[in-house]
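Trainee:
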Amino acid sequence: MSRIFINAKTEMICDTIAAALEDTGAEITCCFSDEEAEAAELSGYDVVIVSTPLRSEFGLNYVADIHARTSGVIIVLAKTEIADEVQNRIKFTGAYVLPRPFTKQSLVQTIRMAQMARESIQRLEQERSKLSKQLEDTKTIDRAKCCLIQYLNLTENQAHRHIQKLAMDTRRTQREIADDILRTYSGMTNV
Numbered sequence: 000m001s002r003i004f005i006n007a008k009t010e011m012i013c014d015t016i017a018a019a020l021e022d023t024g025a026e027i028t029c030c031f032s033d034e035e036a037e038a039a040e041l042s043g044y045d046v047v048i049v050s051t052p053l054r055s056e057f058g059l060n061y062v063a064d065i066h067a068r069t070s071g072v073i074i075v076l077a078k079t080e081i082a083d084e085v086q087n088r089i090k091f092t093g094a095y096v097l098p099r100p101f102t103k104q105s106l107v108q109t110i111r112m113a114q115m116a117r118e119s120i121q122r123l124e125q126e127r128s129k130l131s132k133q134l135e136d137t138k139t140i141d142r143a144k145c146c147l148i149q150y151l152n153l154t155e156n157q158a159h160r161h162i163q164k165l166a167m168d169t170r171r172t173q174r175e176i177a178d179d180i181l182r183t184y185s186g187m188t189n190v
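The following block contains the structure:
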């Protein structure tokens, strides 16, 4: 844990939460003013903790706003009686709800589990992005091969080899070669 932002109704609540996280070695910023919290730059924080209710509102709209402003983990502290309702209302944000009262250990454990889940999701998102780019590259290369087959009367293997050879000879990617081929033949067909 490196940077934690805490927003609560009072300074005492902020200090209590910060004291529970003292041993983690994290840099902790406390905020007990709704205006300051709204204006805070949250993108640099790994964890944002919201202790509901806040001064001017319960805090669920604020949680939705945080979700749009940070990729960090969001932990919402709510009374045990309403924790399930709070979770249902903010589930679209991916925030974790920790029922109050809680122990220091349960708070730290919740933060760790949330961070592990976030890291896992980020890895999956990176993999999805990589696969999406590969699929897009393959589609473009296949369209370029179709142009070569249609206009140069090459077989699929010959077209594939032609693109590979041009890429190696010019030290460019097959996608770049395919884009050039598509630009060359774009006026001749609806590729």
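Numbering-wise, numbering that gives the first Met the number 0 puts 87 at position 88 of the sequence shown, and it's gapless, one number per residue.
Beta carbons are placed, not taken as given, at the ideal position from N, Cα and C, and that holds for glycine.
(1) Express the C-alpha separation of residue 118 and residue 98 in angstroms, rounding to a whole number.
(2) Excluding sequence positions up to five away, which residues of its chain have a Cβ less than 6 Å from the Cβ of residue 96?
(3) Tell me whether the beta-carbon of residue 29 lies closer than 7 Å to the beta-carbon of residue 3.
(4) What does DSSP give as the partner residue(s) for residue 77 in the beta ladder?
(5) Can you look up residue 107 in the DSSP assignment and give me helix, strand or coil?
(6) Identify the residues that DSSP records as bridge partners of residue 208: which are they?
(7) Excluding the 5 residues preceding and the 5 following residue 190 in the sequence, name in chain order all residues of the same chain whose CB lies nearer than 8 Å to its CB.
(8) Note down, in chain order, each residue of its chain lying with its Cβ closer than 6 Å to the Cβ of residue 165, except the 5 sequence neighbours on either side.
(9) Ends of the beta strand (DSSP E) at residue 2?
(10) From the DSSP output, which residues share a beta bridge with residue 50?
(11) Expressed to the nearest angstrom, what Euclidean distance is found between the alpha-carbon atoms of residue 33 and residue 104?
(12) Please report the residue range of the beta strand (DSSP E) in which residue 37 lies.
(13) Would you be able to state if there are at least three C-beta pairs under 8 Å between the segment 16-29 and the segment 51-60?
(14) Are residue 173 and residue 140 touching if we call contact CB-CB under 7 Å?
(15) Near residue 8, what residues of its chain come up, given a Cβ to Cβ distance below 8 Å and the 5 sequence neighbours on each side ignored?
Mentor: A quick look at the data gives this:
(1) Taking the sequence shown and counting its residues from 1, the one referred to as residue 98 is at position 99. Taking the sequence shown and counting its residues from 1, the one referred to as residue 118 is at position 119. Between residue 98 and residue 118, the C-alpha separation is close to 23 Å.
(2) The count along the sequence shown starts at 1 and reaches residue 96 at position 97. Closer than 6 Å at Cβ, skipping near neighbours: 75, 77, 82, 85, 86.
(3) As a first step, residue 29 is located in the sequence shown; it is residue number 30 there, counting from the start. As a first step, residue 3 is located in the sequence shown; it is residue number 4 there, counting from the start. The answer is no: Cβ separation not under 7 Å.
(4) One-based indexing of the sequence shown puts residue 77 at position 78. DSSP output for residue 77 lists 98 as bridge partner(s).
(5) Start at 1 with the first residue of the sequence shown, and residue 107 comes out as number 108. DSSP places residue 107 in helix when its eight states are reduced to three.
(6) In this structure the chain extends from 0 to 190, so residue 208 is not present and cannot be described.
(7) Along the sequence shown, one-based indexing puts residue 190 at 191. Summary for residue 190: the model assigns pLDDT 46, below 50, so the residue's position carries little reliability; its value from the coordinates is reported in the next sentence. Answer for residue 190: 142, 145, 146, 181, 184, listed in chain order.
(8) For the purposes of this step, residue 165 is taken as the residue at position 166 of the sequence shown. Within the same chain, residue 165 has close Cβ partners 176.
(9) As a working note, residue 2 is residue 3 in the sequence shown. Start and end: 2-6.
(10) Position 51 of the sequence shown holds residue 50. The partner list for residue 50 (beta bridge, DSSP) reads 76.
(11) To locate residue 33, count along the sequence shown from 1; it is residue 34. To locate residue 104, count along the sequence shown from 1; it is residue 105. Approximately 27 Å, taken between the alpha carbons.
(12) Position 38 of the sequence shown, counted from the first residue, corresponds to residue 37. Element bounds for residue 37: not the beta strand (DSSP E) but the alpha helix (DSSP H), 33-38.
(13) no
(14) Here the question's residue 173 lines up with position 174 in the sequence shown. Here the question's residue 140 lines up with position 141 in the sequence shown. For residue 173 and residue 140, yes; Cβs fall inside 7 Å.
(15) Taking the first residue of the sequence shown as 1, we reach residue 8 at position 9. So the list reads 31, 50, 52, 53, 54, once near-sequence residues are dropped.
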